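Student: Take a look at this one; I'll ask things after.
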């Protein structure tokens with residue numbers, strides 16, 4: 001039985017070249033980067049070279065890249081420090097955000113009384129930009145806007161430059177959860193005045209357990225963990241050199257191959273839409289009409305009884321898909337994202353998130369369709 005992986009928004013396979021790079025470091029570069037003797041200095045050089053490789057992709061200084069364990073850590077650190085150390089009193093966000101942001105801002109509201117303002121969501125799953133602009137005109141409270149670049153469930157893409165310009169014009173900080181878009185689209189941070197972004201390597205064919213945050217120089221955050229002076233004193237703990245090197249290699253390859261792989265993935269997505277429409281003429285695609293090129297959220301015209309067994313049957317046939325965020329896919333509750341713009345009747349119908357990668361083929365889609373026909 002061939003296994004078909006269509007859940008690349010949850011995680012991705014590690015590229016063979018990245019594995020090779022990491023194994024080489026594990027075998028030969030075991031020094032502690034904080035040590036002053038030769039093998040320690042060499043390990044430190046590998047870490048700093050990786051930092052430069054990453055910074056180059058976004059047109060920023062390497063001093064603005066801080067290594068973390070993942071996007072969740074980066075989001076928690078930035079949002080918490082913004083409230084505690086930068087004096088943020090109001091956070092503008094949406095109920096579409098990943099729980100790494102949504103649950104964090106709710107916790108900050110409970111702990112510090114920071115005001116939370118949730119933007120309205122249009123039927124297209126997009127934010128109300130006019131409402132955001134109107135809210136930002138009130139500059140009486142220090143404000144941070146936190147909005148994700150690409151929604152991890154439906155693929156709706158934020159107009160980064162528009163939001164960044166609005167925030168800059170009204171002296172608000174802009175934090176963007178870019179976990180789903182890093183390595184899949186170019187972001188020039190010299191041109192776009194975003195204050196903070198975060199990334200997880202496992203979303204762009206790198207290793208799990210490593211990520212990074214971009215902190216614009218003007219924003220002086222403080223650590224949430226204390227210990228050594230690693231990462232300029234902002235994140236204590238001995239660096240995982242092999243993970244850092246693997247992440248840099250994965251990101252470099254992602255951008256070197258971006259145009260070629262984007263074209264391939266886009267064609268797979270369009271082929272999947274066409275095949276679904278053949279089988280289900282009444283199928284709907286959740287979100288707006290465009291959506292990010294590797295994510296397709298499908299509302300299938302199936303009964304609740306059939307829907308209940310659908311994921312199980314797909315899994316039994318070796319097909320990996322999800323109902324939504326991998327962090328919540330075991331829950332029986334309706335998706336917190338879809339709940340914001342679908343009607344109650346549509347929420348009862350099964351929605352599948354299909355997310356594609358460069359390794360997917362049309363044969364994968366044909367296998368998926370053949371199984372769906374039997375449900």
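Residue numbers (UniProt numbering): 1 to 375. No residue lacks a Cβ here, since even glycine has one placed at the ideal position from N, Cα and C. Keep in mind that this is a model prediction, so the values were computed, not measured.
Could you compute how far the alpha carbon of residue 1 sits from the alpha carbon of residue 317?
Tutor: Mapped onto the chain shown, residue 1 falls at position 1. Mapped onto the chain shown, residue 317 falls at position 317. In a straight line, the C-alpha of residue 1 is about 8 Å away from that of residue 317.
Student: Under three-state DSSP, which class holds residue 308?
Tutor: Here the question's residue 308 lines up with position 308 in the chain shown. In the structure shown, residue 308 sits in a helix (DSSP, three-state: H, G or I).
Student: Within 10 angstroms of the Cβ of residue 157, are there 16 or more other Cβ atoms? Answer buried if so, exposed if not.
Tutor: Counted from its first residue, the chain shown places residue 157 at position 157. Buried: at least 16 other Cβ atoms inside 10 Å.
Student: Between the beta-carbon of residue 217 and the beta-carbon of residue 64, is there less than 7 Å?
Tutor: Reading the chain shown from its first residue, position 217 is the one you call residue 217. Reading the chain shown from its first residue, position 64 is the one you call residue 64. Closer than 7 Å, so yes.
Student: Using a 10 Å radius around the Cβ and a threshold of 16 neighbouring Cβ atoms, would you call residue 375 buried or exposed?
Tutor: Within the chain shown, residue 375 is the residue found at index 375, counting from 1. With fewer than 16 Cβ atoms within 10 Å of its Cβ, residue 375 is classed as exposed.
Student: In chain order, which beta strand (DSSP E) runs of at least 3 residues are fully inside the stretch 235-307?
Tutor: Listed in chain order, they are 295-299.
Student: Am I right that residue 204 and residue 254 are in contact with their C-beta atoms under 8 Å? What's the rounded C-beta distance?
Tutor: The residue you call residue 204 lines up with position 204 of the chain shown. The residue you call residue 254 lines up with position 254 of the chain shown. Sure, about 5 Å apart at Cβ, within 8 Å.
Student: Alpha carbon to alpha carbon, what distance is there between residue 310 and residue 180?
Tutor: In the chain shown, counting from the first residue as 1, residue 180 sits at position 180. In the chain shown, counting from the first residue as 1, residue 310 sits at position 310. If you take the alpha carbons of residue 180 and residue 310, they lie about 26 Å apart.
Student: Buried or exposed: where does residue 23 fall if 16 or more other Cβ atoms within 10 Å of its Cβ makes it buried?
Tutor: Here residue 23 is taken as the residue at index 23 of the chain shown, counted from 1. Counting Cβ neighbours within 10 Å, residue 23 comes out exposed, since fewer than 16 surround it.
Student: Quick one: Cα of residue 262 to Cα of residue 229, how far?
Tutor: The residue you call residue 262 lines up with position 262 of the chain shown. The residue you call residue 229 lines up with position 229 of the chain shown. Spanning the two alpha carbons is a distance of roughly 39 Å.
Student: Could you say if the stretch 25-37 and the stretch 233-243 meet the contact criterion of at least three C-beta pairs nearer than 8 Å?
Tutor: Short answer: they touch.
Student: What's the call for residue 171, buried or exposed, on a 16-neighbour Cβ count within 10 Å?
Tutor: Residue mapping note: residue 171 aligns to position 171 of the chain shown, counting from 1. Classification for residue 171: exposed.
Student: Quick check on DSSP: helix, strand or coil for residue 132?
Tutor: As a first step, residue 132 is located in the chain shown; it is residue number 132 there, counting from the start. Helix.
Student: If we ignore side chains and look at the alpha-carbon of each, how far apart do residue 277 and residue 148 end up?
Tutor: Mapped onto the chain shown, residue 277 falls at position 277. Mapped onto the chain shown, residue 148 falls at position 148. Roughly 29 Å separates the two Cα atoms.
Student: So, residue 4 versus residue 319, is the Cβ gap smaller than 7 Å?
Tutor: Locating residue 4 in the chain shown gives position 4, counting from the first residue. Locating residue 319 in the chain shown gives position 319, counting from the first residue. Yes, the Cβ-Cβ distance between residue 4 and residue 319 is below 7 Å.
Student: Taking 7 Å as the CB-CB limit, is residue 340 close to chain B?
Tutor: Although the question refers to chain B, the structure presented lacks it and comprises just one protein chain.
Student: Could you check where the beta strand (DSSP E) with residue 214 kicks off and where it finishes?
Tutor: Position 214 of the chain shown, counted from the first residue, corresponds to residue 214. Its beta strand (DSSP E) spans residues 211-215.
Student: Count the other CB atoms within 10 Å of the CB of residue 15; is the residue buried (16 or more) or exposed (fewer)?
Tutor: Mapped onto the chain shown, residue 15 falls at position 15. Looking at its Cβ environment, which holds 16 or more other Cβ atoms inside 10 Å, residue 15 is buried.
Student: Residue 190 and residue 68: beta carbons closer than 7 Å?
Tutor: Position 190 of the chain shown, counted from the first residue, corresponds to residue 190. Position 68 of the chain shown, counted from the first residue, corresponds to residue 68. Not closer than 7 Å, so no.
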